[in-house]
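**Student:** Quick note on the numbering used here: the sequence shown kicks off at 485 and runs consecutively. Even for Gly, the Cβ is constructed at its ideal location relative to N, Cα and C. Predicted model, so just to flag it, every value in this text is computed and none were measured. To start, I am sharing the structure in question, which I have written as structure tokens.
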Amino acid sequence: MLSSGKSIMDWSEQLAQFSEPQWAEKNQLTCTYLTPAHIKTAAELQAIMREAGFDEVTTDAVGNVVGIYRSAHSSTDSQDSCVPVKTLLTGSHYDTVRNGGKYDGRLGILIPVACVAELVRQKRRLPFDFEVVGFSEEEGQRFRATFLASGALTGDFDPTWLAQQDADGVTMKQAMQTAGLSGDIADITQLKRDPSKYLGFVEAHIEQGPILCEGNLPLGVVTSINAGVRATCKITGLAAHAGTTPMNMRQDALLAAAEISLMAETRARQDDGSVATVGQMQVPGGSINVIPGECLFTLDMRAPFDHQRDALVNDILAQAHVIAERRGVHFDFTEVMRASAAPSDPQLQQRWERAVQSVGQPIFKLNSGAGHDAMKLHTIMPQAMLFVRGGNRGISHNPLEIISAEDAALATQAFMALLDGFQTDLASTK
Ligand SMILES: [Zn+2]
Numbered sequence: 485m486l487s488s489g490k491s492i493m494d495w496s497e498q499l500a501q502f503s504e505p506q507w508a509e510k511n512q513l514t515c516t517y518l519t520p521a522h523i524k525t526a527a528e529l530q531a532i533m534r535e536a537g538f539d540e541v542t543t544d545a546v547g548n549v550v551g552i553y554r555s556a557h558s559s560t561d562s563q564d565s566c567v568p569v570k571t572l573l574t575g576s577h578y579d580t581v582r583n584g585g586k587y588d589g590r591l592g593i594l595i596p597v598a599c600v601a602e603l604v605r606q607k608r609r610l611p612f613d614f615e616v617v618g619f620s621e622e623e624g625q626r627f628r629a630t631f632l633a634s635g636a637l638t639g640d641f642d643p644t645w646l647a648q649q650d651a652d653g654v655t656m657k658q659a660m661q662t663a664g665l666s667g668d669i670a671d672i673t674q675l676k677r678d679p680s681k682y683l684g685f686v687e688a689h690i691e692q693g694p695i696l697c698e699g700n701l702p703l704g705v706v707t708s709i710n711a712g713v714r715a716t717c718k719i720t721g722l723a724a725h726a727g728t729t730p731m732n733m734r735q736d737a738l739l740a741a742a743e744i745s746l747m748a749e750t751r752a753r754q755d756d757g758s759v760a761t762v763g764q765m766q767v768p769g770g771s772i773n774v775i776p777g778e779c780l781f782t783l784d785m786r787a788p789f790d791h792q793r794d795a796l797v798n799d800i801l802a803q804a805h806v807i808a809e810r811r812g813v814h815f816d817f818t819e820v821m822r823a824s825a826a827p828s829d830p831q832l833q834q835r836w837e838r839a840v841q842s843v844g845q846p847i848f849k850l851n852s853g854a855g856h857d858a859m860k861l862h863t864i865m866p867q868a869m870l871f872v873r874g875g876n877r878g879i880s881h882n883p884l885e886i887i888s889a890e891d892a893a894l895a896t897q898a899f900m901a902l903l904d905g906f907q908t909d910l911a912s913t914k
């Protein structure tokens with residue numbers, strides 16, 4: 485099984501060779517939805533899946549790469565073909581943030597791919613179909629449609645997204661058509677999965693935080709994924725001469741945004757587990773000698789429970805309006821993502837616990853501060869996640885993100901143990 489760790493490291497490098505031009509020049513990885521680099525990544529992922537021995541590998545209407553390893557019943561022998569075979573769903577995303585890491589998302593596709601490669605090597609079939617999805621979009625970078633890929637599987641793809649434009653004025657529909665997809669909502673609607681056909685959804689993911697690394701633990705079992713809200717905000721003030729306008733007569737949009745950012749920080753720090761981040765801020769058409777008349781910024785707010793998240797968001801919004809009013813500017817808030825907290829399904833979580841134990845590791849439980857595709861699937865089927873330790877104190881959304889081949893191998897072993905656990909249980913209930 486150690487070779488699986490090496491395969492995962494190699495595949496990660498193979499996928500990381502496709503980056504968008506201005507980042508590729510600097511040897512940085514950026515792979516946002518349906519850009520040429522993203523399309524090449526999908527093709528490479530397809531090739532990796534085929535090579536591993538999946539029975540079917542396809543790209544669906546939103547660009548997800550879907551590999552299916554058929555069960556013993558639905559593949560070779562036809563004796564049992566009347567028995568409805570269920571499917572275990574897994575996967576993670578292959579898009580990245582700008583200048584991101586090689587393992588965020590991709591690791592959760594490549595670990596189950598390594599499992600299939602191992603099953604093929606052992607000439608083994610499972611008593612259920614195994615479906616591995618490389619989700620095309622999770623990071624919300626190019627369009628304001630975060631989780632559109634896993635959302636397509638849960639019936640949450642918003643048809644109005646197709647008309648949404650990226651920073652260059654390209655609509656999502658155009659981007660889809662350029663990538664060879666139909667861009668037709670009817671095709672996207674069909675991607676919705678029927679939960680009655682599934683055993684559930686499991687996802688492996690790099691932790692993206694320091695807890696496992698600091699605790700010297702290779703694997704962690706996720707108990708819940710934090711609730712979150714993301715918004716784009718706009719402050720409208722008044723552009724004016726930077727030399728002639730007295731300080732007390734200004735409607736400076738940037739300073740209002742700055743004050744709101746600091747307020748959000750202060751408010752989030754009052755809670756246990758809440759976080760608030762302004763990740764982007766710009767003054768469109770700004771000049772060195774002009775008071776900013778407009779400022780655009782983003783807000784990302786998360787908390788372990790829905791009610792805590794709601795209180796955080798409501799307080800920040802209310803105080804932002806107070807700040808805007810005092811500064812004589814206008815504050816607009818557009819919510820672009822709202823996700824409920826997603827506690828793990830107790831039985832699936834236990835399966836991960838047993839799997840982790842079976843590979844000689846202690847059961848360490850933690851909740852996820854990051855959002856994941858699992859929180860989307862959570863809305864229609866049971867889900868549970870496994871975290872894999874990141875090196876460099878768990879840094880992620882950063883090129884310093886790293887894992888070890890040993891940890892990748894261990895995670896693959898744990899995933900195999902999870903599959904074996906299902907196999908044993910399904911056999912005993914027959
Ligand atoms: Zn991720």
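At 4 residues or longer, and completely inside the region 800 to 865: list those alpha helix (DSSP H) runs for me, N to C.
**Tutor:** Counting whole runs of 4 or more residues, the region 800 to 865 contains the alpha helix (DSSP H) stretches 830 to 842 and 857 to 861.
**Student:** So for S708, helix, strand or coil by DSSP?
**Tutor:** Looking at S708 - three-state DSSP - the assignment turns out to be strand.
**Student:** For H725, count neighbouring Cβ atoms within 10 angstroms of its own Cβ and tell me buried if that reaches 16, exposed if not.
**Tutor:** Looking at its Cβ environment, which holds fewer than 16 other Cβ atoms inside 10 Å, H725 is exposed.
**Student:** Let me check one thing: in DSSP terms, what residues is D613 bridge-paired to?
**Tutor:** According to DSSP, D613 bridges with T571.
**Student:** How is F781 classed by DSSP in three states: helix, strand or coil?
**Tutor:** F781 falls in the strand class under three-state DSSP.
**Student:** Taking C-alpha atoms, which residue in G874, R734 and P520 lies nearest to A659?
**Tutor:** That would be P520, whose Cα lies nearest to the Cα of A659.
**Student:** So what does V713 bridge to, in DSSP terms?
**Tutor:** Per DSSP, M785 and R822.
**Student:** Of the choices A901, P730 and N798, whose alpha-carbon is the least far from that of R751?
**Tutor:** Per the Cα distances, N798.
**Student:** Thinking T716 and L796 are a contact (beta carbons under 8 Å), I'd like their distance in whole angstroms, please.
**Tutor:** With 8 Å as the limit, T716 and L796 do not qualify as a contact, their Cβ atoms being about 18 Å apart.
**Student:** Going along the chain, which residues of its own chain have a beta-carbon closer than 7 Å to the beta-carbon of V843, five neighbours each way excluded?
**Tutor:** Only L894, Q897, A898 and A901 meet the Cβ criterion.
**Student:** Hey, would you say the C-beta of H856 is under 7 Å away from at least one heavy atom of ligand 1?
**Tutor:** Yes.
**Student:** Please name the residue or residues paired with H577 in a DSSP beta bridge.
**Tutor:** Note: H577 sits in a beta bridge opposite F619.
**Student:** Report the three-state DSSP secondary structure of E698 (helix, strand or coil).
**Tutor:** Residue state, collapsed to three classes: helix.
**Student:** Under 5 Å from any heavy atom of ligand 1, by CB: list those residues in chain order, please.
**Tutor:** Checking every Cβ against the heavy atoms of ligand 1 under 5 Å gives D588 and G589.
**Student:** Cβ atoms of V581 and I672: under 8 Å apart, would you say?
**Tutor:** Contact flag unset, no.
**Student:** Buried or exposed, going by whether 16 or more other CB atoms sit within 10 Å of the CB of K510?
**Tutor:** So K510 counts as exposed.
**Student:** State the DSSP-derived secondary structure class of E890, mapped to helix, strand or coil.
**Tutor:** Three-state DSSP puts E890 in a helix.
**Student:** Between the region 724 to 740 and the region 759 to 775, do at least 3 Cβ pairs fall closer than 8 Å?
**Tutor:** With a cut-off of 8 Å, the region 759 to 775 and the region 724 to 740 count as touching, because enough Cβ pairs lie within range.
**Student:** What does DSSP give as the partner residues of P718 in its beta bridges?
**Tutor:** It is Lys, not Pro, that sits at residue 718 in the sequence shown. L780 and D816.
**Student:** Rounded C-beta distance between R714 and G624? I'm assuming under 8 Å.
**Tutor:** R714 to G624, Cβ: 7 Å. Contact.
**Student:** In three-state DSSP terms, what is T908?
**Tutor:** Reduced to three states, the DSSP call for T908 is helix.
**Student:** Quick check on A556: does DSSP put it in helix, strand or coil?
**Tutor:** Note: A556 maps to coil in three-state DSSP.
**Student:** With DSSP collapsed to three states, give me the class of T514.
**Tutor:** Coil.
**Student:** Note the first and the last residue of the continuous beta strand (DSSP E) segment covering V546.
**Tutor:** It is not in any beta strand (DSSP E) - V546 carries neither H nor E in the DSSP assignment.
**Student:** Quick check: the Cα distance between L746 and H805, rounded to an integer number of angstroms?
**Tutor:** In a straight line, the C-alpha of L746 is about 14 Å away from that of H805.
**Student:** By the DSSP assignment, the alpha helix (DSSP H) with L594 in it spans what residues?
**Tutor:** R590 to R605 is the span of the alpha helix (DSSP H), which, as asked, contains L594.
**Student:** Are the beta-carbon atoms belonging to Y709 and Y587 less than 8 Å from one another?
**Tutor:** One detail in the question is off: residue 709 reads as Ile in this sequence, not Tyr. No, Cβ-Cβ distance for I709 and Y587 is not below 8 Å.
**Student:** Using a Cβ cut-off of 8 Å (strictly closer), state whether M765 contacts chain C.
**Tutor:** Chain labels in this structure do not include chain C; a single protein chain is all it has.
**Student:** So who's on the other strand from M869, going by DSSP bridges?
**Tutor:** BP columns for M869 point to E687.
**Student:** Using the rule of at least 16 other Cβ atoms within 10 Å of the residue's Cβ for burial, across every protein chain shown, is R810 buried or exposed?
**Tutor:** With fewer than 16 other Cβ atoms within 10 Å, it is exposed.
**Student:** Counting Cβ pairs closer than 8 Å, one from the region 599 to 608 and one from the region 647 to 659, do we hit at least three?
**Tutor:** No, because fewer than three Cβ pairs between the region 599 to 608 and the region 647 to 659 fall closer than 8 Å, the two stretches do not touch.
**Student:** What is the DSSP secondary structure of S562, counted as helix, strand or coil?
**Tutor:** In this prediction, S562 has a pLDDT of 47, which is less than 50 and means its spatial position is unreliable; nothing more can be read from the coordinates.
**Student:** State the start and end residues of the unbroken beta strand (DSSP E) segment that holds T525.
**Tutor:** Counting along the chain, T525 falls outside any beta strand (DSSP E), though it belongs to the alpha helix (DSSP H) covering P520 to A536.
**Student:** Evaluate the contact criterion for the region 850 to 862 versus the region 822 to 838: three or more CB pairs, one atom per stretch, below 8 Å.
**Tutor:** Output reads yes: the region 822 to 838 touches the region 850 to 862.
**Student:** What does the Cβ neighbour count give for S491, buried or exposed, with the cut at 16 atoms within 10 Å?
**Tutor:** Per the 10 Å Cβ criterion, buried.
**Student:** Any idea what DSSP makes of Q649, helix, strand or coil?
**Tutor:** Correct three-state label for Q649: strand.
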